[in-house]
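Below is one structure, written out as C-alpha cells; the observations come after it.
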Amino acid sequence: MTTLKSKLQEDLTAAIRGRDELRSSTLRLTLSAITKEEVAGKTARELSDDEVQKVITREAKKRREAAEAFAQGGRAEQAEREKAEGVVLAEYLPKQLSDDELHQIVSQAVEDAKAAGAEGPRAMGQVMKIVNPKVAGLAEGGRVAAVVKQLLAG
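According to the working numbering, the sequence shown holds residues 693 to 846 in order.
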C-alpha cells in the first residue's frame with residue numbers, strides 16, 4: 693500500500709475515533725474514489741503516490757466546483773460544507789504556487805517560446821507544453837492558462 697493511501701486510512705481511523713464527522717466522511721469518499729480508480733480498467737492495480745495525489749486533486753476540484761454551484765444556488769450551508777471538505781483534502785496536497793511564483797515560471801516559459809520563434813496568442817500551446825511539467829500538481833490548469841494568456845497578450 694502506498695504511503696499516502698495508508699496515511700489517509702490512518703487519518704480516517706483517527707477521525708472516526710474522534711467523532712469528527714466532516715473529516716471522516718471526506719476521507720471515506722476520497723478513499724472510495726481511490727479504490728474505484730484502482731479497480732477501473734481490465735485489471736486491478738495499486739496506485740502510486742502520484743496517482744493517489746491526482747485522485748485527491750480531482751476530488752478537491754469537485755468540492756470547489758460544488759461549493760460555487762451551491763453558493764450560486766443560494767444554498768450557503770451546503771457551500772460551506774463543500775469548502776470545509778476542500779480544506780480537509782488540501783492538507784494532503786502539495787502547497788499551491790503563489791501568483792508571483794506562477795507568474796515568474798510562466799514569464800520564463802514565454803521568453804523560451806519567443807526565443808524558439810513563437811509569438812502572440814498562437815504560442816499558447818508551446819508555452820503550456822513548457823509550463824505544465826514544471827507546475828504539475830502545484831497550480832490548477834485554469835490559473836496557469838489565464839496567466840499564459842495574459843502574458844502573451846501583453
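Just so it is clear, CB atoms sit at the ideal spot from N, CA and C, and this is done for glycine as well.
Source: prediction; values computed, not measured.
Alpha helix (DSSP H) segments (min. 4 residues) lying fully within the region 735–786: Correct list: 741–764 and 768–782.
Are the CB atoms of residue 839 and residue 819 within a distance shorter than 7 angstroms? Between residue 819 and residue 839, the gap from beta carbon to beta carbon reaches 7 angstroms or more.
For my contact list, residue 748 and residue 739 are in at a C-beta cut-off of 8 angstroms; report their separation, rounded to the angstrom. Not quite, the Cβ-Cβ distance comes to about 11 angstroms (not below 8 angstroms), so this is no contact.
Locate the alpha helix (DSSP H) running through residue 790, then write down its first and last residues. Residue 790 -> no alpha helix (DSSP H), and no H or E assigned at all.
Rounded to whole angstroms, what is the Cα-Cα separation between residue 718 and residue 702? Going from the Cα of residue 718 to the Cα of residue 702 covers about 13 angstroms.
Would you mind giving the Cβ-Cβ distance between residue 716 and residue 707, rounded to the nearest angstrom? I have them listed as a contact below 8 angstroms. Taking a contact as a CB-CB distance under 8 angstroms, the pair residue 716 and residue 707 counts as one, their CB atoms being some 4 angstroms apart.
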